[in-house]
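S.K.: Right, I'll just put the structure down here and ask away after.
There are 2 protein chains.
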Amino acid sequence: MEVKDIEEEKGKDLERAKWYTDIVQQAELADYAPVKGCMVIRPYGYALWENVQKALDQMIKDTGHQNAYFPLFIPESFMQKEKEHVEGFAPECAVVTHGGGKKLEEPLIVRPTSETIINHMFAKWVQSWRDLPLLINQWANVVRWEMRTRLFLRTTEFLWQEGHTAHASEDEAEEEAQKMLAVYKTLAEDWLALPVLTGEKTDNERFRGAVRTYCIEALMRDGKALQAGTSHFLGQNFAKAFDIKFQSAGGDLEYAWQTSWGVSTRLIGAIVLGHGDEKGLVLPPKIAPIQVVIVPIYKTDDEKAQVTKYCEQIVLALKDHARVHADMRDQYTPGWKFNHWEQKGVPIRLNIGPKDVANNVVEIVRRDNFEKMRGVKQTDLANEIPKLLLAVQKNIFERALKFRQESTVKINDYKAFKKTLDEKNGFIEASWCGSGDCEQTVKEDSKATIRLIPFGNDRTPMNDKCVHCGKPAKWQVVFARAY
Amino acid sequence: MEVKDIEEEKGKDLERAKWYTDIVQQAELADYAPVKGCMVIRPYGYALWENVQKALDQMIKDTGHQNAYFPLFIPESFMQKEKEHVEGFAPECAVVTHGGGKKLEEPLIVRPTSETIINHMFAKWVQSWRDLPLLINQWANVVRWEMRTRLFLRTTEFLWQEGHTAHASEDEAEEEAQKMLAVYKTLAEDWLALPVLTGEKTDNERFRGAVRTYCIEALMRDGKALQAGTSHFLGQNFAKAFDIKFQSAGGDLEYAWQTSWGVSTRLIGAIVLGHGDEKGLVLPPKIAPIQVVIVPIYKTDDEKAQVTKYCEQIVLALKDHARVHADMRDQYTPGWKFNHWEQKGVPIRLNIGPKDVANNVVEIVRRDNFEKMRGVKQTDLANEIPKLLLAVQKNIFERALKFRQESTVKINDYKAFKKTLDEKNGFIEASWCGSGDCEQTVKEDSKATIRLIPFGNDRTPMNDKCVHCGKPAKWQVVFARAY
Numbered sequence: 008m009e010v011k012d013i014e015e016e017k018g019k020d021l022e023r024a025k026w027y028t029d030i031v032q033q034a035e036l037a038d039y040a041p042v043k044g045c046m047v048i049r050p051y052g053y054a055l056w057e058n059v060q061k062a063l064d065q066m067i068k069d070t071g072h073q074n075a076y077f078p079l080f081i082p083e084s085f086m087q088k089e090k091e092h093v094e095g096f097a098p099e100c101a102v103v104t105h106g107g108g109k110k111l112e113e114p115l116i117v118r119p120t121s122e123t124i125i126n127h128m129f130a131k132w133v134q135s136w137r138d139l140p141l142l143i144n145q146w147a148n149v150v151r152w153e154m155r156t157r158l159f160l161r162t163t164e165f166l167w168q169e170g171h172t173a174h175a176s177e178d179e180a181e182e183e184a185q186k187m188l189a190v191y192k193t194l195a196e197d198w199l200a201l202p203v204l205t206g207e208k209t210d211n212e213r214f215r216g217a218v219r220t221y222c223i224e225a226l227m228r229d230g231k232a233l234q235a236g237t238s239h240f241l242g243q244n245f246a247k248a249f250d251i252k253f254q255s256a257g258g259d260l261e262y263a264w265q266t267s268w269g270v271s272t273r274l275i276g277a278i279v280l281g282h283g284d285e286k287g288l289v290l291p292p293k294i295a296p297i298q299v300v301i302v303p304i305y306k307t308d309d310e311k312a313q314v315t316k317y318c319e320q321i322v323l324a325l326k327d328h329a330r331v332h333a334d335m336r337d338q339y340t341p342g343w344k345f346n347h348w349e350q351k352g353v354p355i356r357l358n359i360g361p362k363d364v365a366n367n368v369v370e371i372v373r374r375d376n377f378e379k380m381r382g383v384k385q386t387d388l389a390n391e392i393p394k395l396l397l398a399v400q401k402n403i404f405e406r407a408l409k410f411r412q413e414s415t416v417k418i419n420d421y422k423a424f425k426k427t428l429d430e431k432n433g434f435i436e437a438s439w440c441g442s443g444d445c446e447q448t449v450k451e452d453s454k455a456t457i458r459l460i461p462f463g464n465d466r467t468p469m470n471d472k473c474v475h476c477g478k479p480a481k482w483q484v485v486f487a488r489a490y
Numbered sequence: 008m009e010v011k012d013i014e015e016e017k018g019k020d021l022e023r024a025k026w027y028t029d030i031v032q033q034a035e036l037a038d039y040a041p042v043k044g045c046m047v048i049r050p051y052g053y054a055l056w057e058n059v060q061k062a063l064d065q066m067i068k069d070t071g072h073q074n075a076y077f078p079l080f081i082p083e084s085f086m087q088k089e090k091e092h093v094e095g096f097a098p099e100c101a102v103v104t105h106g107g108g109k110k111l112e113e114p115l116i117v118r119p120t121s122e123t124i125i126n127h128m129f130a131k132w133v134q135s136w137r138d139l140p141l142l143i144n145q146w147a148n149v150v151r152w153e154m155r156t157r158l159f160l161r162t163t164e165f166l167w168q169e170g171h172t173a174h175a176s177e178d179e180a181e182e183e184a185q186k187m188l189a190v191y192k193t194l195a196e197d198w199l200a201l202p203v204l205t206g207e208k209t210d211n212e213r214f215r216g217a218v219r220t221y222c223i224e225a226l227m228r229d230g231k232a233l234q235a236g237t238s239h240f241l242g243q244n245f246a247k248a249f250d251i252k253f254q255s256a257g258g259d260l261e262y263a264w265q266t267s268w269g270v271s272t273r274l275i276g277a278i279v280l281g282h283g284d285e286k287g288l289v290l291p292p293k294i295a296p297i298q299v300v301i302v303p304i305y306k307t308d309d310e311k312a313q314v315t316k317y318c319e320q321i322v323l324a325l326k327d328h329a330r331v332h333a334d335m336r337d338q339y340t341p342g343w344k345f346n347h348w349e350q351k352g353v354p355i356r357l358n359i360g361p362k363d364v365a366n367n368v369v370e371i372v373r374r375d376n377f378e379k380m381r382g383v384k385q386t387d388l389a390n391e392i393p394k395l396l397l398a399v400q401k402n403i404f405e406r407a408l409k410f411r412q413e414s415t416v417k418i419n420d421y422k423a424f425k426k427t428l429d430e431k432n433g434f435i436e437a438s439w440c441g442s443g444d445c446e447q448t449v450k451e452d453s454k455a456t457i458r459l460i461p462f463g464n465d466r467t468p469m470n471d472k473c474v475h476c477g478k479p480a481k482w483q484v485v486f487a488r489a490y
């Protein structure tokens with residue numbers, strides 16, 4: 008019954024996969040659920056998700072969107088209204104056939120995404136150009152029946168937000184899709200400390216039902232890419248399928264232009280894989296559930312009393328400046344606690360022993376680089392800790408950016424392309440013919456996919472020929488093996 | 008396909024039911040979904056829910072609980088492990104039989120409540136007394152296949168929080184169940200401005216699987232009761248069914264003692280029915296999405312320019328002191344806006360016309376009692392508005408409390424009991440024999456149920472005989488017709 012990890016990997020990949028699932032469980036982010044492909048998000052993992060949510064929810068509201076909630080169940084007939092959409096999602100659906108002890112007249116789909124039911128409602132609410140733009144977001148659980156699953160990265164049920172908007176003009180919808188992509192980039196870079204590339208998906212990788220899919224792509228520390236968020240320009244596809252029409256200012260009846268966009272609990276997996284090291288998690292301070300952990304060190308009862316009192320003072324002094332936790336448990340040694348909190352990725356640790364108490368100082372240890380600062384004055388902490396948290400945040404972002412830069416290569420030759428993938432993975436910038444068949448062949452042969460077509464001038468091919476088939480190049484794209 | 012309202016009501020009840028569903032839709036709190044018994048929570052309703060959530064989530068965390076997330080799907084076999092529990096919930100379950108295009112080996116239940124799956128995980132996590140207490144909360148959607156539904160009050164899918172805890176001793180679990188009941192009382196009274204009675208449910212009304220169910224009961228303005236939250240002392244029922252055992256400090260292997268507790272989006276219905284009047288919603292300021300609405304009044308373009316500028320100044324002056332919104336829409340008249348925002352229950356309205364601009368004042372109108380304050384100085388607003396919001400909050404609580412006091416009667420005689428119900432409903436305090444059959448007969452005959460058995464001395468019967476059957480009285484209880 009238990010979720011099975013993706014089993015394709017061999018060698019290094021397998022090692023990395025084991026490291027990942029071990030650390031997710033040992034750090035108590037998540038646990039396997041007794042239902043195939045599902046997970047339990049444990050309190051430490053959920054607190055991390057709540058911090059991500061809080062940051063993103065504020066940005067979603069600041070850009071004029073309102074939260075709402077739509078039903079979990081979608082009538083089967085709704086799913087079939089947009090042809091591409093149903094083809095994309097039908098194989099992944101969980102279906103409710105019985106309710107209240109009876110067989111249902113029409114089966115209900117457990118939402119894999121909510122375009123169909125939300126646009127059914129939009130059709131009811133949108134009458135005039137005055138009702139537009141309609142800017143809605145929903146925080147919800149969704150279900151996609153995945154064959155191969157992995158905690159956070161790909162689970163049958165996951166948590167996400169899905170934005171759905173309707174606009175009076177094509178330009179405005181396009182602007183919206185780009186705006187939300189920019190919000191996702193800010194979330195990834197400024198909060199999760201994960202540098203991301205932005206661009207457009209190829210037709211093969213496009214959201215089923217969208218005209219264009221934009222994405223943010225991050226590079227994990229093993230050189231594999233991870234799609235961290237998508238924003239779709241839907242054109243009038245769903246508006247036509249669900250009859251979302253409005254009277255324009257000029258009096259004409261027109262179909263609305265739409266977008267949808269989402270990020271999910273997958274981001275927690277990105278944080279683990281994007282920053283983690285052999286000791287465990289390395290959490291970005293801005294979203295870490297605990298930013299500062301205090302570990303007391305003592306031998307005698309007398310020392311314990313002194314140190315405990317001092318730790319309490321420090322918690323009081325810091326609690327308005329950082330999310331601080333003192334691990335006063337008696338049954339574990341300081342060494343055990345050091346490992347424990349390193350594994351959990353807490354950005355800053357304060358070690359406090361009798362000498363520190365005597366001198367009114369603390370020892371600070373950074374999780375990101377294990378730098379130690381001895382003899383920091385207690386009175387300086389309220390001032391120093393917030394600065395140090397910012398420094399850690401900055402450092403792990405810059406480290407990830409440097410790693411990505413070093414892991415990005417321009418390649419013209421398919422042999423070199425495959426060699427690079429096998430040796431170190433990373434992002435490969437290459438010219439491509441634009442053919443979906445060629446793209447598919449590369450995928451089957453090398454396991455690399457086109458992560459994105461960059462925006463603007465960056466998509467102009469640097470070579471005349473496609474890196475794989477040698478036909479005339481259409482675009483410069485970014486290839487990688489991906490999670 | 009659309010949700011059908013409860014159809015039993017006649018006369019006044021039917022009128023009230025229509026008032027309710029009209030106002031919920033007209034105030035844009037919710038809309039009917041295209042799936043039987045489901046609703047769409049619209050942005051205004053969801054913002055109200057978010058404010059309720061925020062207040063409660065903080066209290067849940069302040070009392071030492073941590074949020075987590077457990078799967079939507081529960082294996083059918085899990086539901087069957089606690090005998091009473093499955094009997095209670097099986098008839099209401101939605102069942103997933105197919106996933107990923109195939110028939111499932113074991114059907115999955117869409118959670119109606121999560122005791123079974125959460126306690127399966129607790130069994131894995133709890134080994135020693137050191138792992139206790141385990142204090143978990145989850146914000147989630149749940150599904151119960153209801154025959155008769157009504158927006159917010161009873162829907163097939165609803166949103167709620169469900170707390171689940173495990174303790175080393177019976178006393179500690181009992182204390183926890185009572186503590187969370189007190190939290191719910193605080194939420195209802197201090198935030199929702201709804202006075203509530205607290206007490207214990209009878210065996211007939213007890214949560215299936217619990218030893219004791221505690222509840223908060225509010226009285227709606229039509230004299231009907233509404234169960235607004237429940238907290239269950241589960242004893243060792245689920246611990247035994249799911250094998251949650253721990254090694255005690257003394258070294259013995261013992262079953263854990265447990266609680267569970269929840270409130271749901273039903274609270275939104277309670278706010279509507281508990282405070283609303285013929286003009287629409289009356290929202291408690293503390294949780295109102297908009298606390299102050301500004302309506303500009305002008306005729307000429309020149310006046311419009313002046314008033315608009317002045318309104319903008321007032322928004323700026325108030326925005327750090329209240330959730331303020333200026334309705335600057337051109338297509339609606341001031342009169343239309345007055346009705347619109349009264350219907351939406353915004354606690355305070357500022358009317359601003361050219362004379363107000365000239366005199367640097369505003370006109371304030373309270374939603375709760377329509378009291379008008381003319382000529383309030385603009386410079387006093389930042390100081391006065393927060394005070395006024397508190398006054399509105401206090402007034403609607405006291406009004407509801409007074410109404411409940413006036414609607415509560417002690418009755419010894421079954422004829423008078425029925426007469427009171429037919430004439431005005433309300434809470435009826437009466438003595439009861441303690442028999443579930445007698446209780447059931449009263450329910451069938453009068454539609455009144457025992458809402459609760461009060462705590463402590465308040466449950467000592469005031470009369471020798473049961474109000475219905477005349478047998479020796481066991482407890483003093485509170486009867487009412489209920490939503």
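The listed protein sequences correspond, in order, to chains Z and V. Just so you know, we're using this note's numbering here: the first sequence kicks off at 8 and counts up by one. Just so you know, we're using this note's numbering here: the second sequence kicks off at 8 and counts up by one. Backbone N, C-alpha and C fix where the C-beta goes; we use that ideal spot for every residue, glycine too.
With a CB to CB cut of under 8 angstroms and the five nearest residues on each side skipped, what residues in its chain are close to residue 251 of chain V?
M.R.: 126, 129, 130, 133, 173, 245, 262, 263 and 265
S.K.: Name the one or two DSSP bridge partners that residue 470 of chain V has.
M.R.: Looking at the DSSP assignment, residue 470 of chain V forms no beta bridge with any residue, so it has no partner.
S.K.: Looking at residue 202 of chain V and residue 396 of chain V, is the spacing between their C-beta atoms short of 9 angstroms?
M.R.: no
S.K.: In chain V, what lies closer than 7 angstroms to residue 49 of chain Z by C-beta?
M.R.: 75
S.K.: Here's the rule I'm using: 16 or more other beta-carbon atoms within 10 Å means buried, otherwise exposed. How should residue 480 of chain V be labelled?
M.R.: buried
S.K.: Helix, strand or coil: how does DSSP classify residue 2 of chain V here?
M.R.: In the structure displayed, chain V extends from 8 to 490; residue 2 of chain V sits before or after that span and is not available.
S.K.: With three or more beta-carbon pairs closer than 8 angstroms as the criterion, would you say the stretch 284-292 of chain V touches the stretch 336-350 of chain V?
M.R.: Contact annotation: the stretch 284-292 of chain V touches the stretch 336-350 of chain V, with at least three C-beta pairs closer than 8 angstroms.
S.K.: With 9 angstroms as the threshold, decide whether the Cβ of residue 80 of chain Z is near any Cβ in chain V.
M.R.: yes
S.K.: Are residue 368 of chain V and residue 385 of chain V closer than 9 angstroms when you measure CB to CB?
M.R.: yes
S.K.: Mapping DSSP to helix, strand and coil, what is residue 448 of chain V?
M.R.: Helix at residue 448 of chain V.
S.K.: Taking only beta carbons into account, state which residues of the stretch 118-134 of chain V come closer than 9 angstroms to chain Z, listed in chain order.
M.R.: 124, 125, 127, 128, 131 and 132
S.K.: May I ask you to report which of helix, strand or coil DSSP gives residue 125 of chain Z?
M.R.: helix
S.K.: Take the Cβ of residue 136 of chain V as the centre, count every other Cβ of all protein chains shown within 10 Å, and call the residue buried at 16 or more, exposed below.
M.R.: buried
S.K.: If residue 433 of chain V sits next to residue 415 of chain V, beta carbons under 8 angstroms apart, how far is it from one beta carbon to the other, in whole angstroms?
M.R.: Residue 433 of chain V to residue 415 of chain V, Cβ: 6 angstroms. Contact.
S.K.: Can you find the residues in the same chain that come closer than 6 angstroms, C-beta to C-beta, to residue 417 of chain Z, ignoring five residues on each side of it along the sequence?
M.R.: 436
S.K.: What is the rounded straight-line gap between the Cα of residue 483 of chain Z and the Cα of residue 169 of chain Z?
M.R.: 30 angstroms
S.K.: Would you mind working out which of V/181, V/204 and V/382 sits nearest residue 366 of chain V, comparing C-alpha positions?
M.R.: V/382
S.K.: Figure out for me which residue from V/62, V/41 and V/51 has the closest Cα to the Cα of residue 293 of chain V.
M.R.: Nearest option by C-alpha distance: V/62.
S.K.: What does a CB cutoff of less than 6 angstroms around residue 242 of chain Z pick up in its chain, not counting 5 residues either side in sequence?
M.R.: 218
S.K.: For chain V, is any of its Cβ atoms less than 9 angstroms away from the one on residue 352 of chain Z?
M.R.: no
S.K.: Whole-angstrom Cβ separation of residue 214 of chain Z and residue 45 of chain V, contact assumed at under 8 angstroms?
M.R.: In this structure residue 214 of chain Z does not touch residue 45 of chain V by the C-beta definition: roughly 25 angstroms separates them, more than the 8 angstroms allowed.
S.K.: How about residue 267 of chain V: is its Cβ closer than 8 angstroms to a heavy atom in the ligand GTP?
M.R.: As for the ligand GTP, it is missing from this structure, which has no ligand bound.
S.K.: In terms of alpha-carbon separation, which member of V/322, V/336 and V/337 lies closest to residue 330 of chain V?
M.R.: V/322
S.K.: Interface residues of chain V around residue 303 of chain Z at Cβ under 9 angstroms?
M.R.: Chain V residues near residue 303 of chain Z: none, gap ~18 angstroms exceeds 9 angstroms.
S.K.: So that I know if they touch, is there some Cβ in chain V lying closer than 9 angstroms to that of residue 222 of chain Z?
M.R.: no
S.K.: Do residue 225 of chain Z and residue 58 of chain Z have their beta-carbon atoms positioned less than 9 angstroms apart in this structure?
M.R.: no
S.K.: Report the partner residues of residue 271 of chain Z according to the DSSP bridge assignment.
M.R.: Z/167
S.K.: Cβ atoms of residue 39 of chain Z and residue 33 of chain Z: under 9 angstroms apart, would you say?
M.R.: no
S.K.: Give me, in chain order, the residues of the same chain whose beta-carbon lies closer than 6 angstroms to that of residue 171 of chain Z; leave out the 5 immediate sequence neighbours on both sides.
M.R.: 125, 143 and 267
S.K.: Any residues in the stretch 87-115 of chain V with a beta carbon nearer than 7 angstroms to a beta carbon of chain Z? Which ones, in chain order?
M.R.: Result list: 98, 99, 101, 102, 103, 104, 105, 106, 107, 108 and 115.
S.K.: Straight-line CA distance for residue 405 of chain V to residue 178 of chain V?
M.R.: One Cα belongs to residue 405 of chain V, the other to residue 178 of chain V, and the distance between them is close to 35 angstroms.
S.K.: Taking any Cβ of chain V, which residues in the stretch 318-339 of chain Z have a Cβ under 9 angstroms from it, in chain order?
M.R.: 336 and 338
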